[in-house]
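Chains as they are written, first to last, in the working numbering: chain A, 1 to 406; chain B, 1001 to 1225.
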Amino acid sequence: MDALIAAAARALATGDALGALKRVALRDDPPALALRGIAMAQLGEHVRARELLRLAARRFGSHEELARARCVVAEAEVALAMRDLAGSPRSLGAAAAMLEARADRANAAQARLIAARRLLLLGRLDEAAAALAGLDTQGLPAALEALAALAAAELALRSLHTGAAGAALTRAGEAAQRARVPALLAEVAQARSLLDRPAARQLRSGAEQPLRLDEVATLLASGALVVDACRRGLRAGAQWRSLARRPVLFALAQALAQAWPADVARPVLIASAFGFRQPDETHRARLRVEIGRLRAVLAGLADIEASERGFALQPRDGREVVVLAPPIDGQQGALLALLCDGAPWSTSALALALGASQRTVQRALAELEDAGRVRSIGQGRAQRWLSPPLAGFTTILLLPAALPPA
Amino acid sequence: MTSRTDPHRPPAPAHAAEIVREYGPFPDAECIHGVTHDGHRVWAATGARLLAFDPGSGEPTAALDCACDAGTAFDGTHLYQIAEARIDKIEPASGKVVASIPAPGHGSHSGLTWAEGSLWVGQYRDRRIHQVDPATGAVLRTIECDRFVTGVTWVDGELWHGTWEGGESEVRRIDPGSGAVIERLTMPSGTGVSGLESDGDGLFYCGGGASGKVRAVRRPKPGAA
Chain A
1 MDALIAAAAR ALATGDALGA LKRVALRDDP PALALRGIAM AQLGEHVRAR
51 ELLRLAARRF GSHEELARAR CVVAEAEVAL AMRDLAGSPR SLGAAAAMLE
101 ARADRANAAQ ARLIAARRLL LLGRLDEAAA ALAGLDTQGL PAALEALAAL
151 AAAELALRSL HTGAAGAALT RAGEAAQRAR VPALLAEVAQ ARSLLDRPAA
201 RQLRSGAEQP LRLDEVATLL ASGALVVDAC RRGLRAGAQW RSLARRPVLF
251 ALAQALAQAW PADVARPVLI ASAFGFRQPD ETHRARLRVE IGRLRAVLAG
301 LADIEASERG FALQPRDGRE VVVLAPPIDG QQGALLALLC DGAPWSTSAL
351 ALALGASQRT VQRALAELED AGRVRSIGQG RAQRWLSPPL AGFTTILLLP
401 AALPPA
Chain B
1001 MTSRTDPHRP PAPAHAAEIV REYGPFPDAE CIHGVTHDGH RVWAATGARL
1051 LAFDPGSGEP TAALDCACDA GTAFDGTHLY QIAEARIDKI EPASGKVVAS
1101 IPAPGHGSHS GLTWAEGSLW VGQYRDRRIH QVDPATGAVL RTIECDRFVT
1151 GVTWVDGELW HGTWEGGESE VRRIDPGSGA VIERLTMPSG TGVSGLESDG
1201 DGLFYCGGGA SGKVRAVRRP KPGAA
């Protein structure tokens, strides 16, 4: 529109953020502020970028709603890059509606995609899935299409739909090729490598075997009775019984499943579930109670039969019994496996699921957080733990189209 | 001193712009910044290339590689082109820049035209039109407008300029003395006017900004307003 803005926008579109800044660095009119903000974001100066974009959005006149909405979207993208999830999504929703009404489809879709990615980062998977499902990427810029497909792949992986995840990653890879953004291509490749890495170990009749994600999905779909030590529960086909809040029952189920089809001696069960090495009659009584509770949980899937020296699992309908263990043993491996579902967990819920003390769990989480393998949102009692996103989501894609008024 | 529109004056008559023909989008030209007319061909500034096309066939006939971010003008011999914060004087045959003058303002200029020995430069957000000495770049006079100014053109002693503000676009004829709006042509919603040039006869060529199109709009008959 005006000469320097057009020249700066041209520089920005070719990735020359410094060249763009050189042209508009001394100007304070709103389009120049917006351009400076986007250039700063591309240079990784997110804090300054946000200030500039906010200022630009405020300074655009009331009749320049379109330019203002684009600034709001760009600012939301920067906030996402900063992993600042505290802001309200309302203004972003309003901006998306505004852009849609003015037929700016690409930026409207970008706004919706940012909202979906934010939900994904917050671990609100159902809402994220709904937001993504409502997004039509047909005919949009390839980079946006790639991002949408990556988000869909992450959602599918979290719910172990490996087939859907693979298809989404293929789509993402094709779109990234067309977009010719190397960082996006790298993200797709990295996400795909997750599919080939061991995601769990299978313990079946005493033999141990690492499983890839698609093999895990095959196992879960096979109808075998799976004692899932990753997500802490029992699965048989479509049936899922969570034991995340019942660590004693889970320990018993795991011990029984590992020994299957043999039985397990009472002292061994007591040691694994209660941690007592020299059991007396009271522990045996307590074991009887807990076995009774486990029978109730297993109802319809399997029976537990008492033998002379202990108990044995008797699955119904000729099912096999398999234990699915985290790929790495130990507290940290178990924590990572639990967080793999993508949902936010509180420290106390994690401690309950693992049957460990909160302090132990906090220590392990702190170490994992330092290593960048878990992340947390919220503070104090509201703090929740999540696994890091599968794809980092490149944020160099900030819309150059935030430029007014073109 | 010129003034903004007098609030007591009745608003200028507005007509819907009659779009006669659309040209483009042209290959490798995502955006049209400025347009001018050299008597035979229409020139369009597309960012990195100045493109000439034949208004009869709509086919591109020439292209010059030069920075062209805003308005374009033609003085009968040379092309003038705003690039960043300067105005380049360009030989149409070779694309060679023969002279450069600083543009008035701080790079916020949008439209450019040549008339009566002067260059006229539209200042987009400043809502102004400057009359500039083509030899030195000195500002001779300033006309205040009440909308963001995009393209500027003179035809038969009438000063016309394009506006594009908040998604609404018009082509306006203003009084060169007072800046008062005399006549308005309203573009359909969603079509903006970035550059503006008259062909000296009955048509305006309007750059369509990011649509990459050039639109021919019929000029109202003089005295019809």
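Cβ atoms here follow ideal geometry from the backbone N, Cα and C, with glycine treated the same way.
Can you confirm whether residue i, when its beta carbon is compared against all beta carbons of chain A, has any partner nearer than 8 angstroms?
i, result
"B/T1005", "Any reading at B/T1005 must be qualified, since the residue scores a pLDDT of 49, below 50, and its modelled position is unreliable; no value is offered."
"B/E1084", "yes"
"B/Y1023", "no"
"B/G1056", "no"
"B/A1070", "yes"
"B/A1067", "yes"
"B/H1033", "yes"
"B/G1047", "yes"
"B/H1040", "no"
"B/R1125", "yes"
"B/C1107", "According to the sequence shown, residue 1107 of chain B is Gly rather than Cys. Chain A, which has a Cβ nearer than 8 angstroms to the Cβ of B/G1107, makes this yes."
"B/A1012", "no"
"B/S1110", "yes"
Count the other CB atoms, across all protein chains shown, that sit within 10 Å of the CB of residue i; report buried if there are 16 or more and exposed otherwise.
i, result
"B/D1126", "buried"
"A/H46", "buried"
"A/P400", "Confidence at A/P400 is low in this model, with a pLDDT of 49, below 50, so the placement of that residue should be treated as unreliable; the coordinate-derived value is given next. Answer is buried; the Cβ neighbour count reaches 16."
"B/G1047", "buried"
"B/I1174", "buried"
"A/W240", "exposed"
"B/T1153", "buried"
"A/I328", "exposed"
"A/L113", "buried"
"B/H1033", "buried"
"A/F311", "buried"
"B/L1140", "exposed"
"B/S1110", "buried"
"A/T162", "buried"
"B/H1040", "exposed"
"B/K1221", "exposed"
"A/E154", "buried"
Quick check on residue i - is its C-beta less than 8 angstroms from some C-beta in chain B?
i, result
"A/A109", "no"
"A/R102", "yes"
"A/A406", "The predicted position of A/A406 is uncertain, since its pLDDT is 39 and thus under 50; a value taken from the coordinates is nonetheless stated next. Yes, its Cβ sits closer than 8 angstroms to a Cβ of chain B."
"A/L160", "no"
"A/D2", "yes"
"A/E367", "no"
"A/H46", "no"
"A/E65", "yes"
"A/A149", "no"
"A/A56", "no"
"A/A232", "A small correction: the amino acid at residue 232 of chain A is Arg; Ala does not occupy that position in the sequence shown. Not one chain B Cβ lies under 8 angstroms of A/R232."
"A/R178", "no"
"A/R10", "yes"
"A/A6", "yes"
Can you give me the start and stop residues for the beta strand (DSSP E) that residue i sits inside?
i, result
"A/K413", "Coverage of chain A is limited to positions 1 through 406, which leaves residue 413 of chain A absent and any answer about it impossible."
"B/Q942", "Residue 942 of chain B cannot be examined here, being either before or after the span of chain B that is shown, 1001 to 1225."
"A/E208", "A207 to R212"
"A/Q202", "P198 to R204"
"A/A8", "Unbroken run through A/A8 is the alpha helix (DSSP H), A3 to A13; no beta strand (DSSP E)."
"B/L1051", "G1047 to F1053"
"A/R180", "That residue, A/R180, is in no beta strand (DSSP E); it is neither H nor E in DSSP."
Between which two residues does the alpha helix (DSSP H) harbouring residue i extend?
i, result
"A/V289", "E281 to L298"
"A/Q42", "P30 to Q42"
"A/L336", "Q331 to L339"
"A/I114", "R105 to L121"
"A/Q379", "It is not in any alpha helix (DSSP H) - A/Q379 carries neither H nor E in the DSSP assignment."
"A/L55", "H46 to R59"
"A/I270", "R266 to F274"
"B/E1030", "Element bounds for B/E1030: n/a, residue is neither H nor E."
Is the number of C-beta pairs between the segment 118-135 of chain A and the segment 168-188 of chain A that are closer than 8 angstroms three or more?
no
Counting only Cβ-Cβ distances shorter than 8 angstroms, please list the residues of the segment 1152-1167 of chain B near chain A, keeping chain order.
W1164, E1165, G1166 and G1167
Interfacial residues, the segment 13-34 of chain A to chain B, with Cβ spacing under 7 angstroms:
R23, R27 and D29
Using 8 angstroms as the Cβ pair cut-off and three pairs as the minimum, do the segment 1188-1199 of chain B and the segment 1159-1172 of chain B touch?
yes
Tell me which residues of the segment 1189-1208 of chain B have at least one Cβ-Cβ distance to chain A shorter than 8 angstroms, keeping chain order.
G1190, G1192 and S1194
Proximal residues, the segment 1088-1101 of chain B versus chain A, C-beta separation under 9 angstroms
none
Given 8 angstroms as the limit, is there contact between the segment 100-109 of chain A and the segment 117-126 of chain A, that is, 3 or more CB pairs closer than that?
no
Are the segment 364-371 of chain A and the segment 330-341 of chain A touching by the rule of at least three beta carbon pairs closer than 8 angstroms?
yes
For the structure I just gave you, are there three or more beta carbon pairs, one from the segment 6-26 of chain A and one from the segment 1086-1097 of chain B, closer than 8 angstroms?
no
Taking 8 angstroms as the threshold, find out whether the segment 136-145 of chain A comes into contact with the segment 165-180 of chain A through three or more Cβ pairs.
yes
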